[in-house]
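S.K.:
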Amino acid sequence: MTAESPAAASPRLSHLNASGEAHMVEVGDRPASDRRALAEGFLSMDPAVLALVLEGRAPKGDVLAVARVAAIQAAKRTWELIPLCHPIALTGLEVRIEPAADGSGLRLEAAARTTGPTGVEMEALTAVQVGLLTLYDMVKSADPAMTIGPVRLLEKTGGRHGPWRHPAAVGSRA
């Protein structure tokens, strides 16, 4: 039995160089591949506020449309928000907002796509986060106690590591 040091047993963090300093990962030598990422997040709220949103009666108008546009804009600007992200040419981004399965609020899902040398997980997650923040902003006067979360990556495909799926992703759409 070989004893490994904790550093050897843990995964290598790609955004740290040999000296432990943060750096942007070089992806220029990687082949382009089709990459997809699917993320989700939740906004729990008072049932009466959820009814206002779903019926289109929120005081600030079409809350769901504004949140979808905000999510798309955020995904396109992820590289400006997250310091070590690469600018990515998204080939597609789909945002879906629906009532949470348990009726406690809204579920926002973002599916990002690109063909390139690096993945789109951060774009999908950023879309979800900003979409949820926008939903919160649009109805906070009616329910300031709303709660955002959990937010998580459900699955990703493409690249060196191949497909990955979150254990909670059963039943999500790809």
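So the number in our numbering is just where the residue sits in the sequence shown, counting from 1, plus 71. Note that beta-carbon positions come from the ideal geometry of N, C-alpha and C, so glycine has one too.
Here's a check: name, in chain order, each residue in its chain whose Cβ is nearer than 6 Å to the Cβ of A153, leaving out the five neighbours to either side.
M.R.: Before going further, note that residue 153 is Ile rather than Ala in the sequence given. Taken in chain order, the residues that qualify are M193.
S.K.: Just to confirm the assignment, what range does the alpha helix (DSSP H) spanning K147 have?
M.R.: K147 -> alpha helix (DSSP H) spans 134-147.
S.K.: Quick one: Cα of L114 to Cα of A122, how far?
M.R.: Answer to the nearest angstrom: the Cα atoms are 14 Å apart.
S.K.: For P234, which residues in the same chain have their Cβ closer than 8 Å to its Cβ, ignoring the five residues on either side in sequence?
M.R.: These residues qualify, in order along the chain: E226, K227, T228.
S.K.: For I219, list the residues DSSP reports as bridge partners.
M.R.: In DSSP, I219 forms a bridge with L114.
S.K.: Using C-beta distances below 6 Å, list every residue in its chain close to K131, excluding the 5 sequence neighbours before and after it, in chain order.
M.R.: If we look at K131 and ignore the five residues flanking it on each side, its Cβ neighbours are M209.
S.K.: Short check: CB of V222 to CB of L206, under 8 Å?
M.R.: Their beta carbons are not under 8 Å apart, which means V222 does not touch L206 by this criterion.
S.K.: Is it buried or exposed for R184, if we count other Cβ within 10 angstroms and need 16 for buried?
M.R.: Answer is buried; the Cβ neighbour count reaches 16.
S.K.: Tell me P170's beta-bridge partners as DSSP assigns them.
M.R.: Bridge partners of P170: L177.
S.K.: Would you mind reading off the limits of the alpha helix (DSSP H) that contains L204?
M.R.: That run of the alpha helix (DSSP H) goes 192-210.
S.K.: What's the C-alpha gap between G187 and C156?
M.R.: About 13 Å.
S.K.: Using only the alpha-carbon positions, how far apart do S170 and E151 sit?
M.R.: In the sequence under discussion, the amino acid at residue 170 is Pro, which differs from the Ser named in the question. Between P170 and E151, the C-alpha separation is close to 31 Å.
S.K.: With a 10 Å radius around its C-beta and 16 neighbouring C-beta atoms as the bar for buried, classify E111 as buried or exposed.
M.R.: Result: buried.
S.K.: Would you mind sorting R178 into buried or exposed? The rule is 16 or more other CB atoms within 10 Å of its CB.
M.R.: The residue in question, R178, is buried, as its Cβ has 16 or more Cβ neighbours within 10 Å.
S.K.: Give the single residue among A136, M116, A160, A138 whose Cα lies nearest to the Cα of D105.
M.R.: Among A136, M116, A160, A138, the Cα nearest to that of D105 is on A160.
S.K.: State the DSSP-derived secondary structure class of E165, mapped to helix, strand or coil.
M.R.: Three-state result, E165: strand.
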